[in-house]
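Counting the sequence shown from 1 gives a position; the working numbering is that position plus 14. Below: one structure, written as structure tokens.
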Amino acid sequence: EAINKAKEILNHKEPNKTERTQLNQTREQFLGNMHQYFKNAISNSKPAQEYLQSRSLDHKKIEVGYNTGQFHHGARKEETLINQCLEYGLLIDKDILGRTGEKAYSVFGKWSICFALKNKENKVVSLYFRSILNDKESKHFYLKNRQGLHPYYPKPTTKHLILTESIIDTASLLQIKPIAENYSLLACYGTNGLTEEHIKSIKEWSEVAPSPLGYRVPTSINEYICKKNDYGQFI
Numbered sequence: 015e016a017i018n019k020a021k022e023i024l025n026h027k028e029p030n031k032t033e034r035t036q037l038n039q040t041r042e043q044f045l046g047n048m049h050q051y052f053k054n055a056i057s058n059s060k061p062a063q064e065y066l067q068s069r070s071l072d073h074k075k076i077e078v079g080y081n082t083g084q085f086h087h088g089a090r091k092e093e094t095l096i097n098q099c100l101e102y103g104l105l106i107d108k109d110i111l112g113r114t115g116e117k118a119y120s121v122f123g124k125w126s127i128c129f130a131l132k133n134k135e136n137k138v139v140s141l142y143f144r145s146i147l148n149d150k151e152s153k154h155f156y157l158k159n160r161q162g163l164h165p166y167y168p169k170p171t172t173k174h175l176i177l178t179e180s181i182i183d184t185a186s187l188l189q190i191k192p193i194a195e196n197y198s199l200l201a202c203y204g205t206n207g208l209t210e211e212h213i214k215s216i217k218e219w220s221e222v223a224p225s226p227l228g229y230r231v232p233t234s235i236n237e238y239i240c241k242k243n244d245y246g247q248f249i
């Protein structure tokens with residue numbers, strides 16, 4: 015069962031006799047498969063479902079997963095899984111041995127709901143985790159070498175783009191049909207979480223879909239912080 019779990023994560027195909035090499039995936043392939051694995055785990059996790067309900071989020075309407083921290087248990091023979099989890103930050107080597115005498119690992123983002131960050135090609139390139147253990151002091155986790163945007167890069171056909179403060183805010187708005195059908199959304203990563211990648215994506219979008227209000231799109235984070243509209247409001 016444990017080996018089957020590892021194979022599921024790795025999107026495993028049984029190699030023939032001349033192909034007994036380890037399956038080594040790109041960052042996009044591996045994290046895409048991991049995100050799908052976490053998404054599948056939602057349906058079997060009552061705590062995760064209860065947390066989402068407390069935030070008025072429906073896992074059937076949004077792309078969200080749950081990390082139980084069990085994805086690597088019993089899969090020690092699947093060295094590719096372990097190595098890639100270490101490489102991309104899903105596992106942390108504690109440099110100690112467990113009770114079984116095997117290496118012990120710390121799971122990144124354990125007991126957290128999970129959202130994907132995607133690149134311009136709409137491939138998963140990073141993951142965001144939010145702990146469900148204590149909402150008042152809820153911890154946020156991004157994989158190391160964070161990259162990508164949520165839920166995706168603005169589409170060229172987008173006429174109206176809404177920037178939100180957080181990924182949770184975006185998930186909430188995506189459940190509202192009139193908004194999801196008529197607007198594109200882009201999540202910032204907190205109050206100071208407008209990154210250069212955000213700005214570049216917005217600028218590229220604005221060049222093919224100019225703002226109906228005629229605003230020039232700022233070209234730096236400082237401009238976003240300081241720019242005001244004609245009414246003296248920061249925008």
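Backbone N, C-alpha and C define an ideal beta-carbon position, used for all residues, glycine too. Treat the numbers as computed from the prediction; the structure is a model and nothing was measured.
Straight through space, the alpha carbons of threonine 172 and glycine 204 are spaced by roughly 23 Å. Residue state for histidine 212 is assigned as helix, using DSSP reduced to three classes. Excluding residues up to 5 positions away in sequence, His86, Leu105, Ile106, Asp107 and Lys108 lie with their Cβ nearer than 7 Å to the Cβ of tyrosine 119 in the same chain.
Collapsing the DSSP output to three states places aspartate 183 in a helix.
Between the beta-carbon of glycine 207 and that of valine 138 there is about 19 Å, and that puts the pair past the 8 Å contact cut. Glu77 is the residue among Arg41, Leu71, Ser70 and Glu77 whose C-alpha sits nearest the C-alpha of asparagine 54.
Bounds of any beta strand (DSSP E) do not take in arginine 41; it lies within the alpha helix (DSSP H) bounded by 41–56.
With fewer than 16 other Cβ atoms from the protein chains shown falling within 10 Å of its own Cβ, glutamate 135 counts as exposed. Comparing alpha carbon positions, the residue from Leu199, Leu175 and Glu211 closest to alanine 185 is Leu199. Under the 10 Å beta carbon count, leucine 141 is surrounded by 16 or more other beta carbons and is classified as buried. Annotated three-state conformation of asparagine 97 is helix, per DSSP.
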